[in-house]
């Protein structure tokens, strides 16, 4: 699907509808026209997309729609082609182009009895900028990556660094697949998947990662690779693939870290690795 932000900006004269679906405070975005037709983006499920299309058809410029359930939050806003709206989205595009990670933070509030969707930008220029999030109504804010096309990252490892990097890299806007031979089910995995929406693939052993299997998993030229396991029979296949970057770290690392030579925590090291990938 086409990136949604340029499509939104290109259609501001026609009062497009921006829809956000948020699950565990992780959001996806889509742009609809006034008839409820999808122009760009995706909301993560057919049912959310159908509900957004239905609601979009009834909104007038400046109006909002909010629907929440235990599973998801759906918010829509019909954007009026006013100067302040244009300035806001022009700034969004600049932030997207100038930072190595950028997000749109949306927060519902009520003003004079009317629903309003307050929006802010959070940008990281490296190695990291911690998002400062509102403390009230934490069940309603939605943080959508503005750089969802940053690239694809495959992670090979069973350690905590693989888990943390998967979550944080997904939060920055990378499309992440984490391959592991250890079953990480439990509170730590649940917490990580609330931080970032990454794909988890449990495999029986590292020896089974043949060239055909790796190709099926998305290995191709230009993909970012992180290896944290010292058991690496698949490494020659990775090196032949022409990756955008190949980093050996975690349990497999023999040299100092890249960004933080003496990291104090696993999280700090994960952030350094992401900064190296996105530099």
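Residue numbers (our numbering): 78 to 356.
All residues carry an ideal CB built from backbone N, CA and C; glycine is no exception.
Residue j beta carbon less than 8 Å from that of residue i
{"i": "residue 245", "j": "residue 228", "result": "no"}
{"i": "residue 129", "j": "residue 153", "result": "yes"}
{"i": "residue 274", "j": "residue 243", "result": "no"}
{"i": "residue 98", "j": "residue 125", "result": "yes"}
{"i": "residue 257", "j": "residue 281", "result": "no"}
{"i": "residue 104", "j": "residue 81", "result": "no"}
{"i": "residue 170", "j": "residue 134", "result": "no"}
{"i": "residue 240", "j": "residue 222", "result": "no"}
{"i": "residue 95", "j": "residue 156", "result": "yes"}
{"i": "residue 187", "j": "residue 196", "result": "no"}
{"i": "residue 302", "j": "residue 313", "result": "no"}
{"i": "residue 181", "j": "residue 165", "result": "no"}
{"i": "residue 118", "j": "residue 108", "result": "yes"}
{"i": "residue 20", "j": "residue 326", "result": "This structure does not reach residue 20, given that the chain is present from 78 up to 356, and the question cannot be answered."}
Collapsed DSSP secondary structure at residue i in the structure displayed
{"i": "residue 144", "result": "strand"}
{"i": "residue 288", "result": "helix"}
{"i": "residue 83", "result": "helix"}
{"i": "residue 309", "result": "coil"}
{"i": "residue 165", "result": "helix"}
{"i": "residue 283", "result": "helix"}
{"i": "residue 327", "result": "helix"}
{"i": "residue 258", "result": "coil"}
{"i": "residue 159", "result": "coil"}
{"i": "residue 349", "result": "helix"}
{"i": "residue 92", "result": "coil"}
{"i": "residue 187", "result": "strand"}
{"i": "residue 410", "result": "Beyond the ends of the chain as shown, which are 78 and 356, falls residue 410; an answer cannot be given."}
{"i": "residue 170", "result": "helix"}
{"i": "residue 320", "result": "coil"}
{"i": "residue 277", "result": "strand"}
{"i": "residue 137", "result": "coil"}
{"i": "residue 360", "result": "Any question about residue 360 goes unanswered here, given that the chain covers just 78 to 356."}
{"i": "residue 252", "result": "strand"}
{"i": "residue 229", "result": "strand"}
{"i": "residue 315", "result": "helix"}
Residue environment, residue i, which counts as buried when at least 16 other CB atoms sit within 10 Å
{"i": "residue 148", "result": "exposed"}
{"i": "residue 349", "result": "buried"}
{"i": "residue 249", "result": "buried"}
{"i": "residue 316", "result": "exposed"}
{"i": "residue 263", "result": "exposed"}
{"i": "residue 254", "result": "buried"}
{"i": "residue 352", "result": "buried"}
Same chain, Cβ closer than 7 Å to residue i, neighbours up to 5 away in sequence not counted
{"i": "residue 189", "result": "none"}
{"i": "residue 160", "result": "none"}
{"i": "residue 136", "result": "94, 142, 153 and 155"}
{"i": "residue 92", "result": "111, 138, 155, 156, 157 and 158"}
{"i": "residue 192", "result": "141, 143 and 185"}
{"i": "residue 279", "result": "257 and 260"}
Own chain, CB closer than 8 Å to residue i, minus 5 neighbours either side, in chain order
{"i": "residue 329", "result": "234, 304, 305, 306, 307 and 309"}
Contacting residues, own chain, Cβ-Cβ under 6 Å from residue i (five flanking each side not counted)
{"i": "residue 100", "result": "149"}
{"i": "residue 179", "result": "172, 173, 200, 223 and 224"}
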